[in-house]
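Novice: Okay, handing you the structure first.
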Amino acid sequence: MIKKYIRFLIGILIALLFLWLAVKDISFSDFRLTMNKLTYYWLIPYVVISLLSHYLRAERWKQLIEQEGMKTSRWTLFSGVMLGYLVNYAVPRLGEVSRSVYVGNRERISRTKLVGTVVLERVMDLAVMFVLVLFVFIYLFTDYSVIVPILGAETVRWLQAVWSLDGILVIGLLLLSILVVLFLIYQLLRIAGRWLPAVFRLLQLAAELSKKFAQGLISFRDVKNWPLFIILTTAIWFCYVLMTYIPFTAFDMHSEFGLGMQEALVITVVSALGVSLPSPGGIGTYHWFVSRSLLFFFAVPEVIGVTYAIVTHLIMMIIILVATPVILVVNKAMERRNIESK
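Take 1 as the starting number for the sequence shown in my numbering and just add one per residue.
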């Protein structure tokens, strides 16, 4: 319990720090003037695409969960995904566990295994983001002088060192050392378990949980329709890019600064990096990363970039806060109707 409070407090501090960094140079009068110029006709397609992206994520999760002879409710999975996003606004990363528990209880599936599928899903998204990051930095920003202002000189030098041959070898040796240490710990616990029954029972429990988690983690082997899985993954990220591009029209950035789908892809990747930091719902980190990337990459004035970040993040938050309770209630009603019809 104490660890949860500490994680929550750290998340709040990170959010406040990055939010202050994002808005500290913006006057309220300039912010209000920018807000007064906004158009709002883009909200309807934005909301639709946002909910569609969450539904597509649930559909892709279904491909990882279902095995031979297994059927799961799409609406329950969709509800679980939405619940996970809602919980993440309170405690970062707890949403992944929450949606696994929610779906596991209703579909009678091992919650530990479901956590494994969620981790696998995140790993796949990281792989996609890695490819997109390479595209952004190699094909759009080959000049390091453009990247340094947003990432910092030290970070750029560190990335260069990591992706050098020596850096890759060091990472490989580090991973190998970790595996060796874990194996030695496991063997020591096995030996201790021969004389200490409590240790043996604890080892059995850990082994069982690890087995279920690993089953979820390697569930990609059981995906029945790989073309559909790839299409769903592509569609999810395409929705994310559209969710970045559509608000450009509200700020007239598509005509005034020439921002199109390619630039939206850049901001999507940068915002994903910001949201991946341990801040509740990406608060603060999203605002800072997006506003700074708009400024340094595309010369969008800081007040417009910050306002864009505030508006888009606020709309995303409202969608989650409003839609999730409704979806959960509907799912509950559908479950009750299914039980009564049996």
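Built from N, CA and C at the ideal position, the CB exists for glycine as well.
Nearest-angstrom Cα distance between residue 181 and residue 277?
Specialist: 28 angstroms
Novice: Ignoring anything shorter than 4 residues, give me the alpha helix (DSSP H) runs that lie fully in the region 281-342, in order along the chain.
Specialist: 285-298, 302-341
Novice: To which residues of the same chain is residue 132 closer than 6 angstroms at the C-beta, ignoring the five residues directly before and after it?
Specialist: Within the same chain, residue 132 has close Cβ partners 269.
Novice: Using a Cβ-Cβ cutoff of less than 7 angstroms, which residues in the same chain neighbour residue 45 once the five nearest sequence positions on both sides are dropped?
Specialist: 246
Novice: Would residue 57 and residue 91 be called neighbours here (beta carbons separated by less than 7 angstroms)?
Specialist: no
Novice: Only counting the same chain, and skipping five residues up and downstream in sequence, which positions put a Cβ closer than 6 angstroms to that of residue 308?
Specialist: Non-local C-beta neighbours of residue 308 in its own chain, meaning closer than 6 angstroms and more than five positions away in sequence, comprise 251, ordered along the chain.
Novice: Taking residue 117 and residue 75 to be in contact with their CB atoms under 8 angstroms, please state how far apart those CB atoms are, rounded to whole angstroms.
Specialist: Their Cβ separation, rounded to whole angstroms, is 18 angstroms, which puts residue 117 and residue 75 out of contact at 8 angstroms.
Novice: Does DSSP put residue 225 in a helix, a strand or coil?
Specialist: coil
Novice: Hey, would you say residue 343 sits closer than 7 angstroms to residue 87, going by beta carbons?
Specialist: There is simply no residue 343 to check, as the chain begins at 1 and stops at 342 in what is shown.
Novice: With a threshold of 8 angstroms, are at least 3 pairs of Cβ atoms found where one atom belongs to the region 292-312 and the other to the region 255-264?
Specialist: yes
Novice: Can you look up residue 71 in the DSSP assignment and give me helix, strand or coil?
Specialist: Secondary structure of residue 71 (DSSP, three-state): coil.
Novice: Since residue 91 is in the alpha helix (DSSP H), which residue starts that stretch and which ends it?
Specialist: First-last for residue 91: undefined, no H or E at that position.
Novice: Contact check, residue 287 vs residue 306 under 8 angstroms by CB: the rounded distance?
Specialist: Rounded, the Cβ-Cβ distance is 7 angstroms, consistent with contact.
Novice: Taking only the alpha-carbon atoms, compute the straight-line gap between residue 63 and residue 226 and give it to the nearest angstrom.
Specialist: 9 angstroms
Novice: So which of 314, 65, 238 has the shortest CA-CA distance to residue 121?
Specialist: It is 65 whose Cα lies nearest to the Cα of residue 121.
Novice: Among 109, 83, 32, which residue has its Cα nearest to the Cα of residue 317?
Specialist: 83
Novice: Between 237, 315, 339, which lies nearest to residue 126 when the distance is taken from Cα to Cα?
Specialist: Residue 237 is the option with its Cα nearest to residue 126.
Novice: Assuming residue 115 contacts residue 319 under a Cβ cut-off of 8 angstroms, what Cβ separation, rounded to an integer in Å, is found between them?
Specialist: At roughly 25 angstroms, the Cβ-Cβ gap does not stay under 8 angstroms, so residue 115 and residue 319 are not in contact.
Novice: Measure from the alpha carbon of residue 50 to the alpha carbon of each residue in 313, 11, 25, 37, then state which is nearest.
Specialist: 313
Novice: Only counting the same chain, and skipping five residues up and downstream in sequence, which positions put a Cβ closer than 6 angstroms to that of residue 79?
Specialist: 327, 328, 331
Novice: Where do the N-terminal and C-terminal ends of the alpha helix (DSSP H) with residue 39 fall, by residue?
Specialist: Per DSSP, residue 39 lies in no alpha helix (DSSP H) segment and is marked neither H nor E.
Novice: Secondary structure at residue 277, three-state DSSP: helix, strand or coil?
Specialist: Taken through DSSP and simplified to helix, strand or coil, residue 277 comes out as coil.
Novice: DSSP three-state call for residue 108: helix, strand or coil?
Specialist: coil
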